[in-house]
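Visitor:
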Amino acid sequence: MLSPSMTSNDETQPLLRRDEESPPRSTQPHPSLDWSQLAVLCFLRVLDPLNFAQIFPYVNEFVSRLHLTNDPSKIGFYSGNLMRCLPGQESIFALCQLVAIYPWSSLSDRAGRRPVIIAGALGLTISTIFFGVSQSFLTAMIARALAGLFSGNVPVIPTVLCEITNSENESFVFPFFGIFWPLGMILGPLIGGFLSNIALKFPTLFDYAVFKAFPYFLPCLIIALINFAGMFCAYFLLQEVCLNFFVLNAEFILSLNKERQLVDFADVKPLSTKDLLANQMIRCLCMSACFLSFVTTAFDVIFVLFCFTPIRKGGLGLETSQIGYALVISGLTAAFFQLVLMPTLLRRVDHAKCYHFTIAVWPAVFLILPSLNLLAQTNESLDDNASAMLWTGICVVLVFARIGFLPYTINTLLVKKHSPSASSLGASNGLLQFFICLSRSLSPFMSSSVFVISVERNLFMGYGWAILLSVISLGGMYFSKRIM
94 MLSPSMTSND ETQPLLRRDE ESPPRSTQPH PSLDWSQLAV LCFLRVLDPL NFAQIFPYVN
154 EFVSRLHLTN DPSKIGFYSG NLMRCLPGQE SIFALCQLVA IYPWSSLSDR AGRRPVIIAG
214 ALGLTISTIF FGVSQSFLTA MIARALAGLF SGNVPVIPTV LCEITNSENE SFVFPFFGIF
274 WPLGMILGPL IGGFLSNIAL KFPTLFDYAV FKAFPYFLPC LIIALINFAG MFCAYFLLQE
334 VCLNFFVLNA EFILSLNKER QLVDFADVKP LSTKDLLANQ MIRCLCMSAC FLSFVTTAFD
394 VIFVLFCFTP IRKGGLGLET SQIGYALVIS GLTAAFFQLV LMPTLLRRVD HAKCYHFTIA
454 VWPAVFLILP SLNLLAQTNE SLDDNASAML WTGICVVLVF ARIGFLPYTI NTLLVKKHSP
514 SASSLGASNG LLQFFICLSR SLSPFMSSSV FVISVERNLF MGYGWAILLS VISLGGMYFS
574 KRIM
C-alpha cells in the first residue's frame, strides 16, 4: 500500500535509481567484515593451486610407468602434454581453465556465487580421484582437463571478496587474501612429492594393494578430501551475496506491473561481453593486466635462466644453490610487501595511481639485468667486492620486481570500483582473469625463446630480450595510465 505522502510522480519512478542518480559507492553504508566468510574464501582460494601443482613432483615418473616410450628422453614430451598444452606453455589443466573462466564467472552473476563455487569444488573432488586411479595416458589427460574446467570458477571467489568488503577493510583483506595462492603452490608439490609411492617409502605402514597398484592415488585422495572440505564449507558456511534474483524473475515481475514498472531492470541485468569491453575502464584494466601478466611471467622464467647462463653468454653464471638463495630473497621480499607495504599503500595512495606506478617499474627491471652481466664480465673472477656489488644489484632487481607484482592485488579492487554494475561484477572479474591467464600461457615459451635467440645471434649485444620486454612493459604502462 502506498504512503499517503506519495505523489503520483513518485508512483512512476523506478525504485532502483540509475547509477548517475545514486551516491558514490564509497559513501554508501557497508556492513562490517564477516571474518568467518573471509576464512572460507581463503580456504577455497587454496584449492586451485593445490590441484594444479600437486602432480609436478611425480608426473614424469607417472608417464614412465605407462610405458609410452622406451626412450627416456621422450618422457618429457608426454609429461609435457599433462603439464603443457604446447611445449613450453601452460598445462592442459590451465588451457581448460582458460576456456572455462568467463562462462563460470558470467554464470555466477545469474545463478549466484554459491552454486558455482560448490559445483567447482565437487568437480575438482571427482576429477582428482579420477586422476589418481588413471592407468592410461588418455584417462590422465581427461582427468586433468576436467580439473581445469572445474577450476574455471576461480574468479568467482575474489568477486565474493569484493562484495563482502568495504573501503575501510579492503586495504588489509585483499593483500592478506593474496598470499593463499602462493601458499597452495607450495603445499601442492609437498603433498604430491611426499605421498606418492607411499607403499615403497613406508612399507610397514602402507603395505596395501591399492597403494601398490595406484602409487599416486594417496596424494590425489588427500587433495580430493581437501576439495570436498572446501565444498562442505561453501555449502554450509558460505553466504550468498549475489542478489540478482530480480533477473531470474524479471518477466514475472513485469507481468504483474505492466502499467507501472517499479524496477529499472537495465541496472540489474548482467551486461554482455561486448558491453563490458565497450566500457573504457574495464577494457583498459583487462589490457593492462594482460601486459602485466606477460612481463611478470617472463621475469619468472628469464630471471632463473639469466642467473644460470654463463657470464660469457650474457648471464650471471650462478650455481644452483646461489639461484636458490636469490629465490628465497624474492619470496621473503614478496611476503613483506604483500602483508606490510601493500596495506599501507592501499590506505594512503589512490588505487589507480598505485596501480600505474607499480606497473611502471618493469622497464627498469629488465634494463637493469644486462648491467649485472656487464658488471660480472668486468670482474669475471668475482672477488669479494665484485660479488658484493653483484648481489646488491640482484637484490635491487628483486625488490623492484616484487613491487611490480603488487598490481595483481590492486586490479581486483579497480574492477570492483569500475564494474559497470554490481550485477556484472562476476563477469568483469572473469574477463580480467581470462586476459591474465591467456597472457600467462603464452609468455613462458615466447620469452624464453627470445632470450635464447638474442644470446645465440648476439642481438643488441645479446640483450635484445631485455629491450623487447621493456617495450612490452610500456604497453602495460600505457593502459594503466588511462585508468588514472
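For what it's worth, our numbering labels the leading residue of the sequence shown as 94, then goes sequentially.
Cβ coordinates follow ideal geometry from the N, Cα and C atoms, glycine included.
Applying the criterion that 16 or more other CB atoms from any shown protein chain within 10 Å of the CB defines a buried residue, is Lys367 buried or exposed?
Guide: Under this definition Lys367 is an exposed residue.
Visitor: In three-state terms, what does DSSP make of Ser573?
Guide: Helix, per DSSP.
Visitor: Start and end of the alpha helix (DSSP H) containing Arg376?
Guide: Looking at the DSSP string, the run of the alpha helix (DSSP H) that includes Arg376 is 373-401.
Visitor: Just to confirm, is the Cβ distance from Pro268 to Leu385 under 7 Å?
Guide: Contact: no.
Visitor: Under the rule that 16 or more other beta-carbon atoms within 10 Å means buried, what is Glu333, buried or exposed?
Guide: By the neighbour-count rule (16 or more Cβ atoms within 10 Å), Glu333 is not buried but exposed.
Visitor: For my contact list, Val257 and Leu126 are in at a C-beta cut-off of 8 Å; report their separation, rounded to the angstrom.
Guide: For clarity, residue 257 is Ile in the given sequence; the question names Val instead. Indeed, because the Cβ distance is near 7 Å, the residues count as touching under 8 Å.
Visitor: Quick check on Asp368: does DSSP put it in helix, strand or coil?
Guide: Note: Asp368 maps to helix in three-state DSSP.
Visitor: Less than 7 Å between the beta carbons of Ala382 and Asn246, yes or no?
Guide: Their beta carbons are not under 7 Å apart, which means Ala382 does not touch Asn246 by this criterion.
Visitor: Given Phe273, which residues of its chain have a CB within under 7 Å of its CB, disregarding the five upstream and five downstream residues?
Guide: So the qualifying residues of the chain are Cys135, Arg138, Val139.
Visitor: I need the straight-line Cα distance from Trp484 to Ala559, nearest angstrom please.
Guide: Spanning the two alpha carbons is a distance of roughly 19 Å.
Visitor: Identify whether Glu263 lies in helix, strand or coil by the three-state DSSP scheme.
Guide: Note: Glu263 maps to helix in three-state DSSP.
Visitor: In terms of residues, what are the limits of the alpha helix (DSSP H) holding Glu154?
Guide: 152-158 is the span of the alpha helix (DSSP H), which, as asked, contains Glu154.
Visitor: Okay, do the region 452-462 and the region 484-494 touch, 3+ Cβ pairs below 8 Å being the bar?
Guide: Verdict: yes, contact present.
Visitor: I'd like the list of long-range same chain contacts for Ser521, defined as Cβ closer than 7 Å, with 5 residues on each side in sequence excluded.
Guide: Answer for Ser521: Leu369, Ile375, Val508, Ser512, listed in chain order.
Visitor: Take Ala193 as the anchor and find which of Gly569, Phe527, Met570, Ile576 has the nearest alpha-carbon.
Guide: Considering only alpha carbons, the answer is Phe527.
Visitor: Quick one: residues in its chain with C-beta nearer than 8 Å to the C-beta of Ala427, no 5 flanking neighbours on either side, listed in chain order?
Guide: Pro275, Arg495, Phe498, listed in sequence order.
Visitor: Which word fits Thr451, buried or exposed, when buried means at least 16 other C-beta atoms lie within 10 angstroms of its C-beta?
Guide: Thr451 comes out buried.
Visitor: Would you mind working out which of Ser264, Leu215, Leu398, Phe307 sits nearest Glu154, comparing C-alpha positions?
Guide: Answer by Cα proximity: Phe307.
Visitor: Taking the alpha helix (DSSP H) that Glu412 belongs to, which residues open and close that run?
Guide: Here Glu412 belongs to no alpha helix (DSSP H), and DSSP marks it neither H nor E.
Visitor: So for Pro275, helix, strand or coil by DSSP?
Guide: The answer is helix: DSSP assigns Pro275 an H, G or I state.
Visitor: Which word fits Ser53, buried or exposed, when buried means at least 16 other C-beta atoms lie within 10 angstroms of its C-beta?
Guide: As shown, the chain starts at 94 and ends at 577. That puts residue 53 outside it, with no answer to give.
Visitor: Alpha carbon to alpha carbon, what distance is there between Pro436 and Asn262?
Guide: Going by the C-alpha atoms only, they are around 10 Å apart.
Visitor: Can you list, in chain order, the residues of its chain whose CB lies under 6 Å from that of Tyr556, leaving out five sequence neighbours each side?
Guide: Contacts found: Pro463.
Visitor: So, using beta-carbon positions, are Ile315 and Arg237 closer together than 7 Å?
Guide: Going by C-beta atoms, Ile315 is not nearer than 7 Å to Arg237.
Visitor: Do you know how far the Cα of Asp477 is from the Cα of Leu131?
Guide: Straight-line Cα distance between these residues: approximately 49 Å.
Visitor: Can you give the beta carbon distance from Gly408 to Asn466, rounded, assuming they're within the 8 Å contact cut?
Guide: Sure, about 6 Å apart at Cβ, within 8 Å.
Visitor: Quick check on Ile576: buried or exposed, where buried means 16 or more other Cβ atoms within 10 Å of its Cβ?
Guide: Counting Cβ neighbours within 10 Å, Ile576 comes out buried, since at least 16 surround it.
Visitor: Between the Cα of Ala445 and those of Gly523, Cys326, Leu378, spot the shortest distance and give me the residue it belongs to.
Guide: Among Gly523, Cys326, Leu378, the Cα nearest to that of Ala445 belongs to Leu378.
Visitor: Mind checking which residues open and close the alpha helix (DSSP H) that includes Leu134?
Guide: It spans 128-146 - the alpha helix (DSSP H) in which Leu134 sits, taken as one unbroken run.
Visitor: Less than 8 Å between the CB atoms is what I'm expecting for Ile319 and Leu143, so what's the real figure, rounded?
Guide: Ile319 to Leu143, Cβ: 6 Å. Contact.
Visitor: Please state whether DSSP places Ser199 in a helix, a strand or coil.
Guide: Reduced to three states, the DSSP call for Ser199 is helix.
Visitor: In its own chain, which residues sit with a C-beta less than 7 Å from the C-beta of Ala457, not counting the 5 before and 5 after it?
Guide: Contacts found: Phe493.
Visitor: Taking only the alpha-carbon atoms, compute the straight-line gap between Ser264 and Leu439 and give it to the nearest angstrom.
Guide: Rounded to whole angstroms, Ser264 to Leu439 spans 5 Å at the Cα level.
Visitor: Measure the Cβ-Cβ separation of Tyr309 and Tyr151 and say whether it is below 7 Å.
Guide: Yes. Within cutoff.
Visitor: Look at the alpha carbon of Gly523 and the alpha carbon of Gly271, and state the distance between them as a whole number of angstroms.
Guide: So the alpha carbons of these two residues sit roughly 17 Å apart.
Visitor: Using three-state DSSP, classify Arg550 as helix, strand or coil.
Guide: In the structure shown, Arg550 sits in coil (DSSP, three-state: anything other than H, G, I, E or B).
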